[in-house]
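Asker: Let me begin by handing over the structure; questions about it come next.
Residue numbers (the numbering used here), protein chains in the order written: chain A, 1 to 270; chain B, 1001 to 1246.
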């Protein structure tokens, strides 16, 4: 296939696959905790970090990482203190993050390509050093989830019971939020801030239609994430479409397909 | 016998609202304790203090002789929370996975090699091994209750704390449940602490009664409790009780 002749597309596919794996993996825990909007909220906050980076002349992704990690920590603190419900905390950070980004970018007089590429992704501009960063951080996320799967799953299932059994649930919650923050920043280049929420949640929602267990949900979601990224990138390359949007539309198609398949499986079983 | 759980003049307030005042009691190994009292009387607060979910605002709670804030051996206490209606977990999850969570907390023997065996044993003990691969959402209230008991038992605890275990469970399943708990207490020597609204059942099942209405109104043998004075202290003068055989 022509697509593999282009090194930028091979890098795009590698970066996309990394996100296609980690986003649904973390998304499984987020959906279980009813934090489905958290990726969107963190992504909007990350745009404020990107704008800050552009304004100050530092690497926008570093700016994003610092701001998102801080926001993730604050959101979890607010939720745990019960002063705000999770939905209100997320909604506030979502809108405030974007507002800060817009104001900062106006100050920098760069309302343009730079911020847009982080809003919608620019996967075809992923360089070799970007790939190393994305790869390393993705492997760290995989190792953390691999080692802490049962504890993260239990805390997501029922935090109070997990706490009673001796698990350090506030540390686990903060870890999950940090993983989500890192995942969002990695995804800025791949699908962009406006679409990462979809890639985190849609594969999980799709998998839940047919999976028989939590572990199966995660594996199927990861599979769907990879299919969405690979198919979306290939289609966008040949049809000259926006890569990020195409990936998410493929994920949506997978969800609709799983919805139908789930109905068929249930009516056959019933 | 050394007490496992001790409350020393423990009190708790939510802000300025006192919920529990000056509770002192001991629970010894092998006890089957029923905790009863009116709604809003502090039963749930009492359980949460015992489980370390809340810290007393005054007084002390000790577990196995250790102050609760220093206690780390949480695998020794199994907890079955109150289930209100069907479980509404958003994602598919099997009985085996839920019971497996019982092995996620800290355990005495490192546990990874023991995990599968302990989960299988817990499923067998409660009689739900055939349901292992079923999704939690597909089960009845009574079956779900058994799953959460199995989860608590998977950590091989010495104490089992149950909060309103028969809510949302049909009458036949309730009978099975009380038989199961009695077996766990008598044959396996598990110490049981059960919060319940079913006074007439509890009074006939348990070896000790703790009656809580902000204070500890009564703590002792259930037979002595069933006198006018204690019932009135617990529930107020206007209540009449009709006790039927179970």
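Ideal Cβ placement from N, Cα and C applies to all residues, glycine included.
Hey, residue 180 (chain A) and residue 39 (chain A): beta-carbon distance below 8 Å or not?
Answerer: Yes, they are a contact pair.
Asker: Who are the Cβ neighbours of residue 1048 (chain B) in its own chain at under 7 Å, not counting the five residues just before and after it?
Answerer: Within the same chain, residue 1048 (chain B) has close Cβ partners 1054.
Asker: With distances taken between CB atoms, is the gap from residue 27 (chain A) to residue 191 (chain A) smaller than 8 Å?
Answerer: Cβ atoms of residue 27 (chain A) and residue 191 (chain A): not closer than 8 Å.
Asker: When DSSP labels each residue in this structure, what does residue 1086 (chain B) get in the three-state scheme?
Answerer: No answer about residue 1086 (chain B) holds up, because its pLDDT of 48 lies below 50 and its placement is not dependable.
Asker: Could you pull out every residue in the same chain whose Cβ sits closer than 6 Å to the Cβ of residue 227 (chain A), ignoring the five residues on either side in sequence?
Answerer: So no residue of the chain qualifies.
Asker: In whole angstroms, give me the CA-to-CA distance for residue 9 (chain A) and residue 1124 (chain B).
Answerer: Distance between the alpha carbons of residue 9 (chain A) and residue 1124 (chain B) is about 54 Å.
Asker: Under the assumption that residue 64 (chain A) contacts residue 195 (chain A) (Cβ atoms under 8 Å), give the Cβ distance between them as a whole number of angstroms.
Answerer: About 15 Å separates the two Cβ atoms, so there is no contact after all.
Asker: Mind checking residue 1225 (chain B): buried by the 16 CB within 10 Å criterion, or exposed?
Answerer: Buried: at least 16 other Cβ atoms inside 10 Å.
Asker: Output the residue ranges of the alpha helix (DSSP H) runs that lie fully inside the segment 30-105 of chain A and measure 4 residues or longer, sorted by chain position.
Answerer: DSSP runs (the alpha helix (DSSP H)) wholly in the segment 30-105 of chain A: 38-56 and 60-81.
Asker: Helix, strand or coil for residue 1274 (chain B), going by three-state DSSP, please let me know.
Answerer: Because chain B here runs from 1001 to 1246, residue 1274 (chain B) falls outside it and cannot be looked at.
Asker: Beta-carbon separation of residue 1044 (chain B) and residue 1011 (chain B) under 8 Å?
Answerer: For residue 1044 (chain B) and residue 1011 (chain B), no; Cβs fall outside 8 Å.
Asker: Please classify residue 1055 (chain B): does DSSP put it in a helix, a strand, or coil?
Answerer: Here residue 1055 (chain B) sits in coil by DSSP.
Asker: Work out the CA separation of residue 1213 (chain B) and residue 1040 (chain B) for me, nearest whole Å.
Answerer: Those two C-alpha atoms are separated by around 8 Å.
Asker: Going by C-alpha distance, which of A:43, A:12, A:47 and A:257 is nearest residue 320 (chain A)?
Answerer: The structure shown does not extend to residue 320 (chain A), since chain A is modelled only from 1 through 270, so no value can be given for it.
Asker: What's the C-alpha gap between residue 1144 (chain B) and residue 1133 (chain B)?
Answerer: Each residue's alpha carbon lies about 13 Å from the other.
Asker: What residues in its chain sit with their C-beta under 7 Å from that of residue 1098 (chain B), if we drop five residues either side in the sequence?
Answerer: Here the set comprises 1136, 1147 and 1151.
Asker: By how many angstroms is the C-alpha of residue 71 (chain A) removed from the C-alpha of residue 111 (chain A)?
Answerer: Residue placement at residue 111 (chain A) cannot be trusted, given a pLDDT of 49 that sits under 50; the coordinates are not used to answer.
Asker: Going by DSSP in three states, residue 1288 (chain B) sits in which element: helix, strand or coil?
Answerer: Since the first residue of chain B shown is 1001 and the last is 1246, residue 1288 (chain B) is not available in this structure.
Asker: Give every residue of the same chain whose Cβ lies closer than 6 Å to the Cβ of residue 30 (chain A), excluding the five residues on either side of it in the sequence, and list them in chain order.
Answerer: Excluding residues within five positions, the ones whose Cβ falls inside 6 Å are 38.
Asker: For the segment 160-187 of chain A, enumerate the residues whose C-beta is nearer than 9 Å to any C-beta of chain B, in chain order.
Answerer: Within the segment 160-187 of chain A, the residues whose Cβ lies closer than 9 Å to some Cβ of chain B are 160, 161, 162, 163, 164, 165, 166 and 167, listed in chain order.
Asker: Ignoring anything shorter than 3 residues or poking outside the segment 1167-1231 of chain B, list the beta strand (DSSP E) runs there in chain order.
Answerer: Runs of the beta strand (DSSP E) inside the segment 1167-1231 of chain B: 1191-1195, 1208-1213 and 1215-1220.
Asker: I'd like the span of the alpha helix (DSSP H) that includes residue 1007 (chain B), first residue to last.
Answerer: Not the alpha helix (DSSP H): residue 1007 (chain B) falls in the beta strand (DSSP E), residues 1005-1014.
Asker: Looking at the secondary structure, which residues open and close the alpha helix (DSSP H) in which residue 130 (chain A) lies?
Answerer: Counting along the chain, the alpha helix (DSSP H) containing residue 130 (chain A) begins and ends at 128-157.
Asker: Name the one or two DSSP bridge partners that residue 1094 (chain B) has.
Answerer: Paired residues: B:1135.
Asker: At a CB-CB cut-off below 8 Å, which residues of chain A make contact with residue 1092 (chain B)?
Answerer: 208, 211, 212, 213, 214, 216 and 217, listed in chain order.
Asker: Look at the Cβ atom of residue 1078 (chain B), then the Cβ atom of residue 1159 (chain B), and state whether they are nearer than 8 Å.
Answerer: Cβ distance < 8 Å, so residue 1078 (chain B) and residue 1159 (chain B) count as in contact.
Asker: Is there contact between the segment 1188-1195 of chain B and the segment 1024-1035 of chain B, where contact requires at least three CB pairs shorter than 8 Å?
Answerer: Counting Cβ pairs under 8 Å, three or more are found: they touch.
Asker: Would you mind sorting residue 1202 (chain B) into buried or exposed? The rule is 16 or more other CB atoms within 10 Å of its CB.
Answerer: Burial call: buried.
Asker: Give a yes or no on whether 8 Å exceeds the smallest Cβ distance from residue 154 (chain A) to chain B.
Answerer: Cβ-Cβ to chain B under 8 Å: yes for residue 154 (chain A).
Asker: Let me confirm a value: residue 3 (chain A) is counted as buried when at least 16 other C-beta atoms fall within 10 Å, else exposed. Which label applies?
Answerer: Flag for residue 3 (chain A) reads exposed.
Asker: For residue 1122 (chain B), which residues from the same chain have a beta carbon less than 6 Å from its beta carbon, with the 5 sequence-adjacent residues on both sides left out?
Answerer: For residue 1122 (chain B), where only same-chain residues beyond five positions count, the Cβ hits under 6 Å are 1099, 1150, 1153 and 1154.
Asker: Do residue 104 (chain A) and residue 69 (chain A) have their CB atoms nearer than 8 Å?
Answerer: Not closer than 8 Å, so no.
Asker: In the DSSP assignment, the alpha helix (DSSP H) including residue 262 (chain A) goes from what residue to what residue?
Answerer: Per DSSP, residue 262 (chain A) belongs to the alpha helix (DSSP H) from 243-269.
Asker: For residue 1245 (chain B), is the classification buried or exposed, using 16 other Cβ atoms within 10 angstroms of its Cβ as the cut-off for buried?
Answerer: With a pLDDT of 44 at residue 1245 (chain B), under the threshold of 50, the modelled position of that residue is not reliable, and no figure is offered here.
Asker: Please look up how many angstroms separate the CB atoms of residue 1063 (chain B) and residue 1005 (chain B), rounded, as I've assumed it's under 8 Å.
Answerer: With 8 Å as the limit, residue 1063 (chain B) and residue 1005 (chain B) qualify as a contact, their Cβ atoms being about 6 Å apart.
Asker: What residues of chain B sit near residue 32 (chain A), judged by a beta carbon separation below 9 Å?
Answerer: Under the 9 Å cutoff, chain B gives 1089, 1090, 1091 and 1093.
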